[in-house]
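The structure appears below as structure tokens.
In the numbering used here, the protein residues as written are 171 to 607.
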């Protein structure tokens with residue numbers, strides 16, 4: 171796994187000319203994408219929601235204060251009430267009672283339940299933060315892919331049109347030769363067959379460009395300004411020189427692994443939460459009651475009380491024990507899931523590494539193919555000028571140049587995308603790594 175990547179000095183993608191100063195660069199588009207994409211906004215709000223959940227769980231550390239007041243009309247008709255010398259002449263009691271009560275409850279001990287709940291809330295916030303980071307990086311790759319794909323299809327259309335024009339010229343020449351009696355009808359049919367293949371490829375590229383524009387619009391929420399788009403230079407300086415180093419970085423930084431690690435801690439904290447049911451709950455209650463003319467009693471009554479209350483569930487039908495057993499299995503499941511996630515991250519990194527190596531090797535070979543095809547075309551042009559070569563063969567050579575350029579262009583953008591895919595696997599496709607902020 172100690173293979174080394176030798177990066178091209180000129181960068182990975184350099185086919186397009188630099189655009190104007192206000193061109194829609196990839197960095198500018200990605201910066202806007204990170205601020206505007208709905209998935210990122212949703213994940214960010216989830217983090218904020220979990221932050222509020224932490225505050226809510228901390229509220230259990232504070233006393234609970236309840237104030238209750240009552241007033242109304244009370245009529246009591248009873249023998250004792252009629253016999254009272256209350257100045258109503260033995261009539262039923264008709265009064266307007268008032269009452270108020272104030273209670274304060276402070277939990278002193280609940281088996282560390284509140285502490286565990288706060289820890290769980292913090293872990294859930296960290297889990298939401300890791301999810302946000304993963305969403306950001308996946309969205310960045312989606313944006314990079316959409317941007318590069320539009321440029322790629324645009325660049326592929328140009329040589330495809332040249333190829334179609336060359337074959338059409340070849341077809342006309344073959345047809346003229348047949349009409350003069352010096353050509354072969356089969357050559358005309360062959361030229362027509364080539365023309366159909368060339369047009370089919372051009373139509374495919376044009377359709378792919380339209381599809382790319384649709385995906386771009388969905389991702390960035392606006393149509394691309396194709397004429398001002400610039401070929402980006404991937405951050406190849408972030409790619410390590412060896413696969414082992416890339417794997418080490420991926421194990422530490424990949425959001426998927428961070429997510430599964432936090433999930434393990436949350437499952438472990440769940441067991442602590444359940445153990446609180448084995449302990450008593452101790453509360454300190456204080457109450458103040460005020461009553462006036464209540465229950466047919468004249469005058470004011472005031473009650474004060476301070477109570478230390480302990481509640482202990484001695485038997486719950488083994489539910490706590492069963493819940494702890496369930497939590498233990500869930501903890502084991504999260505550990506197994508983490509192991510599988512680590513395998514997938516390693517696999518993803520290796521595949522991305524190999525894809526980059528393959529793309530680089532293909533690019534070198536295809537660049538040589540373009541150079542060779544260009545030399546053949548130049549040589550046939552010279553032979554044609556000397557009268558030693560036919561126009562048909564010259565056009566065939568030009569067609570080979572166009573085909574080689576199409577393959578080279580496609581491979582160039584594939585190599586650039588492979589760099590970003592490797593950074594995603596390593597967990598480095600973030601705003602700070604790409605200098606987007």
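Backbone N, C-alpha and C define an ideal beta-carbon position, used for all residues, glycine too. It should be emphasised that the depicted structure is a prediction, and the values quoted were computed from it without experimental measurement.
So, are the CB atoms of residue i and residue j less than 8 Å apart?
i           : j           : result
residue 583 : residue 322 : yes
residue 404 : residue 586 : yes
residue 273 : residue 457 : yes
residue 413 : residue 421 : no
residue 429 : residue 598 : no
residue 503 : residue 441 : no
residue 337 : residue 299 : no
residue 425 : residue 303 : yes
residue 372 : residue 306 : no
residue 499 : residue 270 : no
residue 340 : residue 562 : yes
residue 446 : residue 230 : no
residue 195 : residue 400 : yes
residue 606 : residue 197 : yes
residue 244 : residue 265 : yes
residue 437 : residue 526 : no
Which same chain residues, not among the five before or five after residue i, have their C-beta less than 7 Å away from its C-beta?
i           : result
residue 206 : 391
residue 439 : 286, 289, 290 and 293
residue 313 : 199, 200, 203, 389 and 390
residue 559 : 550 and 553
residue 529 : 581, 584, 585 and 588
residue 233 : 274, 275 and 276
residue 228 : 288
residue 564 : 550, 551 and 554
residue 569 : 333, 336 and 337
Taking all protein chains shown into account, do 16 or more other C-beta atoms lie within 10 angstroms of the C-beta of residue i, making it buried, or fewer, making it exposed?
i           : result
residue 319 : buried
residue 450 : exposed
residue 578 : buried
residue 226 : exposed
residue 192 : No answer about residue 192 holds up, because its pLDDT of 42 lies below 50 and its placement is not dependable.
residue 609 : Absent from the structure is residue 609, since the part of the chain shown begins at 171 and ends at 607.
residue 523 : buried
residue 432 : buried
residue 380 : exposed
Given residue i, which residues of its chain have a CB within under 8 Å of its CB, disregarding the five upstream and five downstream residues?
i           : result
residue 375 : 323, 326, 327 and 330
Write down the C-beta distance between residue i and residue j rounded to the nearest angstrom, noting that I regard them as a contact closer than 8 Å.
i           : j           : result
residue 409 : residue 592 : 6 Å
residue 575 : residue 540 : 6 Å
residue 455 : residue 491 : That belief does not hold up - the Cβ atoms of residue 455 and residue 491 are roughly 30 Å apart, past 8 Å.
residue 571 : residue 544 : 6 Å
residue 283 : residue 486 : In fact, because the Cβ distance is near 15 Å, the residues do not count as touching under 8 Å.
residue 434 : residue 505 : 6 Å
What residues in its chain sit with their C-beta under 6 Å from that of residue i, if we drop five residues either side in the sequence?
i           : result
residue 453 : 275, 277 and 479
residue 221 : 295
residue 236 : 273
Any alpha helix (DSSP H) of 4 or more consecutive residues that is wholly inside the stretch 509-549
none
Give, in chain order, every unbroken run of the beta strand (DSSP E) that is at least 3 residues long and sits entirely within the stretch 407-479.
451-462
Which whole runs of the alpha helix (DSSP H) in the stretch 273-354 are 4 residues long or more, in chain order?
283-350
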